[in-house]
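Only one structure is covered here, and it is reproduced in the block below.
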Amino acid sequence: MNPQAKLIFALSLTLGTTLTISSNHWIMAWTGLEINTLAILPLISKSHHPRAIEAATKYFLVQAAASALVLFSSMTNAWHTGQWDITQLSHPTSCLILTVALAMKLGLVPFHFWFPEVLQGSSLIVGLLLSTLMKFPPITLLYLTSPSLKPSILMTMAILSAALGGWMGLNQTQTRKILAFSSISHLGWMAIIIAYSPKLALLNFYLYTLMTAAVFLSLNSIKALKLSTLMTTWTKTPSLNAILLLTLLSLAGLPPMTGFLPKWLIIQELTKQEVALAATIIALLSLLGLFFYLRLAYCATITLPPHTTNHMKQWYNTKPTNTMVAVLTTMSLMLLPISPIILAVV
6 MNPQAKLIFA
16 LSLTLGTTLT
26 ISSNHWIMAW
36 TGLEINTLAI
46 LPLISKSHHP
56 RAIEAATKYF
66 LVQAAASALV
76 LFSSMTNAWH
86 TGQWDITQLS
96 HPTSCLILTV
106 ALAMKLGLVP
116 FHFWFPEVLQ
126 GSSLIVGLLL
136 STLMKFPPIT
146 LLYLTSPSLK
156 PSILMTMAIL
166 SAALGGWMGL
176 NQTQTRKILA
186 FSSISHLGWM
196 AIIIAYSPKL
206 ALLNFYLYTL
216 MTAAVFLSLN
226 SIKALKLSTL
236 MTTWTKTPSL
246 NAILLLTLLS
256 LAGLPPMTGF
266 LPKWLIIQEL
276 TKQEVALAAT
286 IIALLSLLGL
296 FFYLRLAYCA
306 TITLPPHTTN
316 HMKQWYNTKP
326 TNTMVAVLTT
336 MSLMLLPISP
346 IILAVV
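Here the sequence shown is numbered in this note's numbering, starting from 6 and rising by one per residue.
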């Protein structure tokens, strides 16, 4: 793909995201979502591999259906109330349809089936965009409409997402699919808290974006698409592999790393809102995710020869690591001590 085309698609993604997150009118928000969808499709299918074409087709169909539901929900609300304002969503049927539409956009259970397949058919960089930037507009719409949405529906979807995201990631051998199920699990944490504390859900999303970007860019640097490849990369970039271990543990939510902060705050807020049972269930379900993060970390750093992989050892990489990877991994590990400042800003 030539640089001019890449620039156009990058600008379109920026425009679509900015349009959705800054709009008050449903039509403008819907337009932003459509621009985003059309801009990411060529990036998914640029390799012309049958799996990439299949991923682009699945992504288009799901996102088109979700956008149609967003439009239908806003039109139903406007028909009954005369309001096109995003924050004035009050009709119960519209609220239900919008919850379904945004769950499809995000990949929340039970509308999650497309996400691992699309991520598997994309490159790691496009996978990073799908897991972070493309989820920002729907999360913003959830944030704006959160007072109108039913907490019971969101909580059910959140617990199912945390459960299935953990369970289905257990036996995966492809790093992109593992990160897809990790994303579904993290979305469960955001969905459970958004009705009670929308700002906390956004904070969770920002920190998740930070840590996922660090993992995706690290895997892209060492070109690891499968666990078997990951087992041999310690000869190529030993220092990056050691840092990847810590970043994965941060993504799992272990203290004293950054990933512990959103989980700790969410459990605290759920307990204050007297839904301690939901907090207990989702905290226990996060152990499933911890297992496959540990599996990734084990394959990346702890597996030393002799082992059973048939791969040749890779040459030591003499090129310096990308500065962005260094900054993101540092932030993924070091932000917990300054959590009072983060909370003051948010």
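Even glycine gets a Cβ: it sits at the ideal position worked out from N, Cα and C. All of these numbers come straight from a predicted model, not from anything done at the bench.
Problem set entry | beta strand (DSSP E) runs wholly inside the segment 209-239, at least 3 long, in chain order | none
For this session: Select from 123, 194, 183 the residue whose C-alpha is nearest the C-alpha of residue 299.
Result: Locating residue 299 in the sequence shown gives position 294, where the first residue counts as 1. The residue with the shortest Cα to Cα distance from residue 299 is 183.
Exercise. Which word fits residue 56, buried or exposed, when buried means at least 16 other C-beta atoms lie within 10 angstroms of its C-beta?
Worked result: Indexing the sequence shown from 1 puts residue 56 at position 51. Counting Cβ neighbours within 10 Å, residue 56 comes out exposed, since fewer than 16 surround it.
Exercise. Starting from residue 286 and walking both ways along the alpha helix (DSSP H), at which residues does that stretch end?
Worked result: Position 281 of the sequence shown, counting from 1, holds the residue named residue 286. That run of the alpha helix (DSSP H) goes 281-302.
Exercise. Run through DSSP, which three-state label would residue 85 get?
Worked result: Your numbering for residue 85 matches position 80 in the sequence shown. Of the three classes helix, strand and coil, the one that applies to residue 85 here is helix, per DSSP.
For this session: Within its chain, find whatever has a CB closer than 6 Å to the CB of residue 204; leave out the 5 residues flanking it on each side and keep chain order.
Result: Residue numbering aside, residue 204 sits at position 199 when the sequence shown is read from its first letter. The residues are 351.
Exercise. Can you give the Cα-Cα distance for residue 38 and residue 250, rounded to whole angstroms?
Worked result: Residue numbering aside, residue 38 sits at position 33 when the sequence shown is read from its first letter. Residue numbering aside, residue 250 sits at position 245 when the sequence shown is read from its first letter. Distance between the alpha carbons of residue 38 and residue 250 is about 35 Å.
Exercise. Do the segment 178-197 and the segment 148-167 touch if we need at least three Cβ pairs shorter than 8 Å?
Worked result: yes
Exercise. Is it right to say residue 262 is buried, meaning 16 or more other beta carbons lie within 10 angstroms of its own, or is it exposed?
Worked result: On the sequence shown, position 257 is the one that residue 262 refers to. With 16 or more Cβ atoms within 10 Å of its Cβ, residue 262 is classed as buried.
Problem set entry | Span separating the alpha-carbon of residue 180 from that of residue 50 | Along the sequence shown, one-based indexing puts residue 180 at 175. Along the sequence shown, one-based indexing puts residue 50 at 45. Roughly 19 Å between the two C-alpha positions.
Problem set entry | Neighbour-count burial assignment, residue 121, 16 or more Cβ in a 10 Å radius | Numbered from its first residue, the sequence shown carries residue 121 at position 116. Answer is buried; the Cβ neighbour count reaches 16.
Problem set entry | Status (buried if at least 16 other CB within 10 Å, exposed otherwise) for residue 54 | In the sequence shown, the residue the question calls residue 54 occupies position 49. Exposed, since its Cβ has fewer than 16 Cβ neighbours within 10 Å.
Problem set entry | Reduced DSSP secondary structure (H/G/I, E/B, other) of residue 30 | On the sequence shown, residue 30 is found 25 positions in, with the first residue counted as 1. Looking at residue 30 - three-state DSSP - the assignment turns out to be strand.
For this session: Provide the residue(s) that pair with residue 179 in DSSP beta bridges, ordered along the chain.
Result: Position 174 of the sequence shown, counted from the start, is the residue given in the question as residue 179. Residue 179 pairs with 231.
Problem set entry | Three-pair Cβ contact test at 8 Å for the segment 136-148 versus the segment 225-237 | no
Exercise. Which residues in the same chain as residue 28 place their Cβ atom closer than 6 Å to its Cβ, once the five residues preceding and following it in sequence are excluded?
Worked result: Counted from its first residue, the sequence shown places residue 28 at position 23. Hits under 6 Å: 34.
Exercise. Can you round the beta-carbon distance between residue 216 and residue 240 to whole angstroms, since I take them to be within the 8 Å contact cut?
Worked result: For the purposes of this step, residue 216 is taken as the residue at position 211 of the sequence shown. For the purposes of this step, residue 240 is taken as the residue at position 235 of the sequence shown. Not quite, the Cβ-Cβ distance comes to about 26 Å (not below 8 Å), so this is no contact.
Exercise. With residue 369 and residue 91 assumed to form a contact (beta carbons below 8 Å), what rounded beta-carbon distance in angstroms separates them?
Worked result: Past the edges of the chain, shown from 6 to 351, lies residue 369, and the structure says nothing about it.
Exercise. If you draw a straight line from the C-alpha of residue 156 to the C-alpha of residue 292, how long is it?
Worked result: As a working mapping, residue 156 is identified with position 151 in the sequence shown. As a working mapping, residue 292 is identified with position 287 in the sequence shown. Looking at the two C-alpha atoms, the distance is approximately 24 Å.
For this session: Use the C-beta contact count for residue 31: other C-beta atoms within 10 angstroms, 16 or more gives buried, fewer gives exposed.
Result: In the sequence shown, counting from the first residue as 1, residue 31 sits at position 26. Residue 31 is buried by the Cβ-count criterion.
Exercise. Between which two residues does the alpha helix (DSSP H) containing residue 339 stretch?
Worked result: As a first step, residue 339 is located in the sequence shown; it is residue number 334 there, counting from the start. It spans 328-339 - the alpha helix (DSSP H) in which residue 339 sits, taken as one unbroken run.
For this session: Taking only the alpha-carbon atoms, compute the straight-line gap between residue 265 and residue 110 and give it to the nearest angstrom.
Result: Your numbering for residue 265 matches position 260 in the sequence shown. Your numbering for residue 110 matches position 105 in the sequence shown. Those two C-alpha atoms are separated by around 26 Å.
Problem set entry | Beta-carbon proximity list for residue 2, same chain, < 7 Å, skipping 5 on both sides | With the chain covering only 6 through 351, there is no way to say anything about residue 2.
For this session: Identify the continuous alpha helix (DSSP H) that holds residue 148 and give its terminal residues.
Result: Reading the sequence shown from its first residue, position 143 is the one you call residue 148. That run of the alpha helix (DSSP H) goes 141-150.
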